[in-house]
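Chains as they are written, first to last, in the working numbering: chain A, 964 to 1077; chain B, 1356 to 1469. By construction, the Cβ of each residue, glycine as well, lies at the ideal position given by its N, Cα and C atoms. Computed from a predicted structure; not experimentally measured.
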Amino acid sequence: DARVTQTPRHKVTEMGQEVTMRCQPILGHNTVFWYRQTMMQGLELLAYFRNRAPLDDSGMPKDRFSAEMPDATLATLKIQPSEPRDSAVYFCASGLGTMNTEAFFGQGTRLTVV
Amino acid sequence: AQSVTQPDIHITVSEGASLELRCNYSYGATPYLFWYVQSPGQGLQLLLKYFSGDTLVQGIKGFEAEFKRSQSSFNLRKPSVHWSDAAEYFCAGRGGSTLGRLYFGRGTQLTVWP
């Protein structure tokens, strides 16, 4: 059963520490999305990759967030340094890259910065 | 701006009653629209999607949605709600110049009374 895998599922870290979240997209999918979900803002699109190239990362705070795809099987989202306001659930989703196809979501990483 | 809007933050229905969740879009060209469901602590699961053809689309779990261009709406419906339908529902869309980005509404929380 193909699925998007995110690790870790939960992360508690102290303010100022680096946080790395990982995502394994579904094999054969060429688009990857990173979303952040909070009560206040809902689902925000942070970054969007196609064929491993970043098409849009305008939703990310550039000074502390970075997103990469080192290879087709791994996407990473890093926060350095982390702040309490970064506490949220971070979702990765992958898709086939056409307008009429859906994004498949992982279970999310719940990040708490204390 | 191109977006989707869900006017209702929270809806409560009795089990067995009918359900309609509202979604409005603001894409200039024909949009590609999706409904997702999120259970607590889980990722988002696709219920159904629309991109062309028949304006009434059927999805999983007995849900359907109707695309109405004249009203810029894509409302989700279910004739008889089950207690297990309690969850958060998200409308999402892409189109026009979004270049494949998938944008989500703020979500509607559904509570089902026994």
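Residue pairing from DSSP places B/Phe1459 in a beta bridge opposite B/Ala1447. With respect to the 9 angstroms criterion, A/Lys1041 and A/Glu981 are classified as neighbours on the basis of their beta carbons. Among the CB atoms of chain A, one or more fall inside 9 angstroms of the CB of B/Lys1404.
DSSP places B/Asp1363 in the coil class of the three-state scheme, outside both helix and strand. Exposed is the label assigned to A/Pro1047, since fewer than 16 other Cβ atoms lie within 10 Å of its Cβ. With a beta-carbon spacing of about 13 angstroms, B/Gly1460 and B/Tyr1382 fall beyond the 8 angstroms limit used to define contacts.
For A/Tyr1011, the uninterrupted beta strand (DSSP E) run begins and ends at 1005 to 1013, by DSSP.
Residues of the same chain with a CB within less than 6 angstroms of the CB of A/Val975, apart from the 5 flanking positions on each side, are Thr1075 in chain order. Cβ atoms of A/Met984 and A/Thr1039 come within 8 angstroms of each other, at about 7 angstroms.
The beta-carbon of A/Gly1069 is placed less than 9 angstroms from the nearest beta-carbon of chain B. When A/Asp1049, A/Pro988, A/Val1077, A/Ala1051 are compared, the shortest CA-CA separation from A/Arg1015 is found for A/Pro988. Contact between A/Leu1006 and A/Met1023 does not hold, since their C-beta atoms are separated by about 14 angstroms, which reaches or exceeds 8 angstroms. In the DSSP secondary-structure assignment, A/Arg985 is bridged to A/Thr970, A/Thr1039. Per the DSSP secondary-structure output, B/Asn1379 pairs in a beta bridge with B/Thr1360, B/Ser1428.
Within the same chain, and ignoring the five residues on either side of B/Glu1419 in sequence, the residues whose Cβ sits closer than 8 angstroms to its Cβ are Leu1403, Leu1411, Val1412, Gln1413, Leu1431, Arg1432, Lys1433. Chain order gives the chain B residues near A/Phe996 as Arg1456, Leu1457, where near means a beta carbon separation below 9 angstroms.
Residue A/Arg966 holds the alpha-carbon nearest to the alpha-carbon of B/Gln1400 among A/Arg966, A/Val1077, A/Ala1051. Close to chain A, meaning a Cβ-Cβ distance shorter than 8 angstroms, are the following residues of the region 1405 to 1416 of chain B: Phe1406, Ser1407. The beta carbon of B/Ser1394 sits closer than 7 angstroms to those of Ala1442, all from its chain and outside the five residues before and after it, given in chain order. Using a Cβ distance threshold of 9 angstroms, A/Tyr1011 and B/Gly1455 count as a contacting pair. Residue A/Thr994 holds the alpha-carbon nearest to the alpha-carbon of A/Gly1058 among A/Thr994, A/Leu990, A/Thr970, A/Arg972. Among the residues facing chain B, A/Arg1013 is included, as its CB has a counterpart in that chain under 9 angstroms away. Exclusion of the five residues before and after A/Gln1000 leaves Leu1006, Ala1051, Val1052, Phe1054 as the residues of its chain whose Cβ lies within less than 7 angstroms of its Cβ.
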